[in-house]
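Numbering (the UniProt record's numbering), first residue to last: 1 to 181.
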């Protein structure tokens with residue numbers, strides 16, 4: 001099944017799509033991370049709310065532990081089981097069909113999903129699509145910066161995107177020409 005083109009801003013709305021008409025995009029990194037995704041929100045022409053259908057194989061995680069400073073996310077489980085891990089484990093959540101978890105912005109909502117079940121974990125990931133956004137990865141002490149297009153959207157539309165060590169700060173005037181000499 002081939003993906004239909006993403007609608008443009010001038011197309012009439014609403015636009016309904018059927019997830020079965022669209023291909024999965026698969027990603028795998030090392031032996032710990034893997035998922036397949038269909039970016040349903042973008043395919044349907046969503047602008048301010050993103051929605052992706054994820055499938056995570058047993059024993060895998062889709063993303064490293066992270067939180068966002070600019071975008072709120074939520075997870076709704078369709079099938080399978082897993083755990084949403086929190087930073088200190090105090091608020092870990094069991095995931096099973098029908099579970100909905102709100103994930104506001106900020107460090108106290110750092111999280112990572114793990115499929116610790118025996119079948120694929122299938123869920124909807126819903127998010128605001130605010131630009132710019134900063135994602136923080138506390139385990140690796142780095143930040144991701146997204147300008148021009150938020151995470152989960154068109155990477156080609158980004159005007160600035162990168163991952164940097166948290167401690168890579170420089171002074172405001174560093175590298176600037178401060179005199180005419």
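Don't be surprised by glycine CBs; every beta carbon is placed ideally from N, CA and C.
Self-check item: Assigned secondary structure, residue 119 (DSSP; H/G/I helix, E/B strand, else coil)
Solution: Counted from its first residue, the chain shown places residue 119 at position 119. Residue 119: coil per DSSP, three-state reduction.
Quiz item: What are the boundary residues of the beta strand (DSSP E) that residue 42 is part of?
Solution: For the purposes of this step, residue 42 is identified with residue 42 of the chain shown, where counting begins at 1. From DSSP, residue 42 is part of no beta strand (DSSP E) but of the alpha helix (DSSP H) over 40-43.
Quiz item: Does DSSP put residue 20 in a helix, in a strand, or in coil?
Solution: The residue labelled residue 20 in the question sits at position 20 within the chain shown. Helix at residue 20.
Quiz item: When burial is assigned at 16 or more other CB atoms within 10 Å of the CB, is residue 56 buried or exposed?
Solution: If you number the chain shown from 1, residue 56 lands on position 56. The residue is buried, with at least 16 neighbouring Cβ atoms inside 10 Å.
Exercise. May I have the straight-line CA-CA distance separating residue 168 from residue 141, to the nearest angstrom?
Key: One-based indexing of the chain shown puts residue 168 at position 168. One-based indexing of the chain shown puts residue 141 at position 141. Straight-line Cα distance between these residues: approximately 10 Å.
Exercise. Report yes or no: do three or more beta-carbon pairs, one from the stretch 88-95 and one from the stretch 53-70, lie closer than 8 Å?
Key: no
Quiz item: Alpha carbon to alpha carbon, how far is residue 47 from residue 39?
Solution: Taking the first residue of the chain shown as 1, we reach residue 47 at position 47. Taking the first residue of the chain shown as 1, we reach residue 39 at position 39. Taking the straight line from one Cα to the other gives about 12 Å.
Quiz prompt | Assigned secondary structure, residue 60 (DSSP; H/G/I helix, E/B strand, else coil) | solution = The residue you call residue 60 lines up with position 60 of the chain shown. If DSSP states are grouped into helix, strand and coil, residue 60 belongs with coil.
Self-check item: Whether residue 49 touches residue 126 by CB criterion (8 Å)
Solution: Residue numbering aside, residue 49 sits at position 49 when the chain shown is read from its first letter. Residue numbering aside, residue 126 sits at position 126 when the chain shown is read from its first letter. Yes, the Cβ-Cβ distance between residue 49 and residue 126 is below 8 Å.
Quiz item: Are the stretch 18-30 and the stretch 95-110 touching, with three or more C-beta to C-beta distances below 8 Å?
Solution: no
Self-check item: Coil, strand or helix - residue 102 by DSSP
Solution: What you label residue 102 is simply residue 102 of the chain shown in a count that begins at 1. Here residue 102 sits in strand by DSSP.
Quiz item: Helix, strand or coil for residue 168 per DSSP?
Solution: The residue labelled residue 168 in the question sits at position 168 within the chain shown. Coil.
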